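Those letters in the sequence shown? Residues -26 to -1, 1 to 281, by mature numbering (1 follows the signal peptide of the UniProt record, and there is no 0).
Heads up: the structure comes next, in C-alpha cells.
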Amino acid sequence: MRIRATVAAVSGALALSAFAVSAAHATDSAAYRADVAKVQEAAHAASGMTAFSTDAATDAAPYTMDVTFSNLKVGSAIKVGTTNHVAVPVTYTLTHGSDVDITASDFFSGPEIYKGSYDSPDNLLIGDNPATCTVTSSTTASCKGNIDIYPADGDLLNSDAGTWSAGALAVAYNGQDPNSSTFDLTKVGYAEQGGLGTTKVQRYSKLTVDATPEPVYKGKTLTAKGKLTRANWETNTYKGFTNQPVKLQFRKAGTSTYTTIKTVYSDSYGNVKATTTANYDGYWRFSFAGTTTTPAVSATGDYVDVK
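Pasting the structure below:
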C-alpha cells in the first residue's frame, strides 16, 4: 500500500486566532509524514486493520485520544495529471475533550483520503504541511488543510481512479520525540475517523480536434479528427482512452452555444473521427462527458470558413 503519511497541526488560542506551529515542523513536511507514519501504522496494526497488521508491531501502540471530527468538506472530484503536484483543500471541525490540549506545539491533526474500505484501504493520502485550525470554543476548532498528491512520485496507480472516502486524524506527542531511541508510543495520543465524506480521484483527460478542409465549400463533407487521452499514473504519460462515446459539436459563428451533431467512439488508440456536411461558418469540437475515473473534457473549437 502506498501511503503518503503527513499530518497537519491543529492549533489555536481561545481568542479565536491561529496558533503558530514551531519553525522546525513548519519547514520540514517530510518530518510530518515520517513521524505520523510511525504512530498511524502502530495504531492501525493494534486495531487489526488489515493493511497494517503485518507491517507494524502491535506490542506498543498509542492510547486513544478524546478527539472526533465532523463537518468535513472536500471537492467532489480531484483531477490528477502525470507530473503536477495537486493540493486539495479540505475543511472540518475538530471536537476534543477537556483533557486534550490542542494548542500544544506537538499536537497535530489533518485530513486524509483513502481508497477502499476504512479497515483495509488500498491507498491512503495525507497532506504535506500543517493545517491551520482556529479555536471556536473550549472544545472545538475549525480546521483547514490540504491533501497533497504527487503522481510522478508514485502516489497513485491507475486502479486508484474512482471514488475515495475522506477522514481526519490527530496526534498528540506529549513531549515524545519520534526520532529518539527512547520514543514511547504508549505516551502518544491518537485519534482517527473515516467515513466523513467522499470524493473522486480522476485521471486527467485531454481531447483535441482538427476539422478539414479549411476552407470548405457549402454542402461538402467536412471531416473532424481528434484524440481522447488520459493520464497514466504508472508511466507518467497520456494514453488513448479507448471505446468511449465522443460528441461532435458545432457552434455557428456569432453564437455562443454548441449543438451536438453526432456521437462517435474512440478507437483502440483513443483516436476519434467524424464526418458531416458543412453549411455555415463556425467552430467544430469534440466533447467527452466523462466517467467516474476520468473527468469530462471538450476540445478547443476549430474554426472553419464555409465558401
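Virtual Cβ for every residue (Gly too), placed ideally from N, Cα, C.
A quick note: this is a predicted structure, and the numbers were derived from the prediction, not measured.
With 16 other Cβ atoms within 10 Å as the buried cut-off, status of residue i
{"i": "Asp279", "result": "exposed"}
{"i": "Asp158", "result": "exposed"}
{"i": "Ala144", "result": "buried"}
{"i": "Thr106", "result": "buried"}
{"i": "Ser242", "result": "exposed"}
{"i": "Lys201", "result": "buried"}
{"i": "Lys221", "result": "buried"}
{"i": "Ser230", "result": "exposed"}
{"i": "Gly169", "result": "exposed"}
{"i": "Tyr147", "result": "buried"}
{"i": "Ser139", "result": "buried"}
{"i": "Gly55", "result": "buried"}
{"i": "Lys89", "result": "buried"}
{"i": "Tyr6", "result": "buried"}
{"i": "Ala(-3)", "result": "For Ala(-3), the pLDDT reaches just 38, beneath the cut-off of 50, and the residue's location in the model is therefore unreliable, although a value from the coordinates is still provided. By the neighbour-count rule (16 or more Cβ atoms within 10 Å), Ala(-3) is not buried but exposed."}
{"i": "Leu131", "result": "exposed"}
{"i": "Gly171", "result": "buried"}
{"i": "Tyr277", "result": "exposed"}
{"i": "Ala4", "result": "exposed"}
{"i": "Ser154", "result": "exposed"}
{"i": "Ala19", "result": "buried"}
Cβ pair residue i, residue j closer than 8 angstroms
{"i": "Gly141", "j": "Glu86", "result": "yes"}
{"i": "Asn97", "j": "Ala61", "result": "no"}
{"i": "Pro125", "j": "Trp207", "result": "yes"}
{"i": "Ala273", "j": "Thr182", "result": "yes"}
{"i": "Trp258", "j": "Gly275", "result": "yes"}
{"i": "Ala198", "j": "Ala270", "result": "no"}
{"i": "Thr266", "j": "Gly149", "result": "no"}
{"i": "Val41", "j": "Val64", "result": "no"}
{"i": "Gly214", "j": "Ser240", "result": "yes"}
{"i": "Asp134", "j": "Met23", "result": "no"}
{"i": "Asp127", "j": "Leu99", "result": "no"}
Option in the options with minimal Cα separation from residue i
{"i": "Asn217", "options": "Gly200, Asn45, Val246, Asn210", "result": "Val246"}
{"i": "Thr195", "options": "Asn253, Thr114, Asp75", "result": "Asn253"}
{"i": "Asn103", "options": "Lys118, Thr113, Thr173", "result": "Lys118"}
{"i": "residue 282", "options": "Arg177, Asp80, Ser133, Gln167", "result": "Given a span of -26 to 281 for the chain in the structure shown, any question on residue 282 remains unanswerable."}
{"i": "Phe43", "options": "Ser154, Gly84, Gly228, Met23", "result": "Gly84"}
{"i": "Tyr66", "options": "Asp80, Asn45, Ser79, Tyr92", "result": "Asn45"}
{"i": "Ser261", "options": "Gly193, Lys12, Asp184, Ala227", "result": "Asp184"}
Cβ-based neighbour list, residue i, same chain, cut-off 8 angstroms, excluding 5 preceding and 5 following
{"i": "Tyr191", "result": "Ala252, Val280, Lys281"}
{"i": "Thr113", "result": "Thr69, His70, Gly71, Ser72"}
{"i": "residue 334", "result": "Look at the range of the chain in this structure, -26 to 281, and you will see that residue 334 is not part of it."}
{"i": "Ala17", "result": "Ala35, Pro36, Tyr164, Glu166"}
{"i": "Pro160", "result": "The amino acid occupying residue 160 in the given sequence is Thr; Pro does not appear at that position. Contacts found: Ala34, Ala35, Pro36, Tyr37."}
{"i": "Ala227", "result": "Tyr254, Asp255, Gly256, Tyr257, Tyr277"}
Neighbourhood of residue i by C-beta distance below 6 angstroms, restricted to the same chain and skipping five residues each side
{"i": "Asp122", "result": "Ala61, Gly101, Asp102"}
{"i": "Ser179", "result": "Arg204, Thr268, Pro269, Val271"}
{"i": "Thr250", "result": "Leu196, Ile235"}
{"i": "Thr186", "result": "Thr197"}
Closer than 8 angstroms to chain B by CB, residue i
{"i": "Ile52", "result": "Given the protein chain composition of this structure (a single chain), no chain B is represented."}
Sequence-distant residues of the same chain with beta carbon closer than 7 angstroms to residue i, five excluded per side
{"i": "Ala51", "result": "Thr173, Lys174, Gln176, Pro269"}
{"i": "residue 309", "result": "Here the chain comprises residues numbered -26 to 281, so residue 309 is not present and cannot be evaluated."}
{"i": "Thr39", "result": "A quick correction: the sequence has Met, not Thr, at residue 39. The answer, listed in chain order, is Val74, Ala144, Ala146, Gly163, Tyr164, Ala165."}
{"i": "Arg225", "result": "Thr231, Tyr232, Gly256, Tyr257, Gly275"}
{"i": "Lys12", "result": "Pro152"}
{"i": "Thr211", "result": "Thr56"}
{"i": "residue 287", "result": "The requested residue 287 is not part of the displayed model; the chain covers only -26 to 281."}
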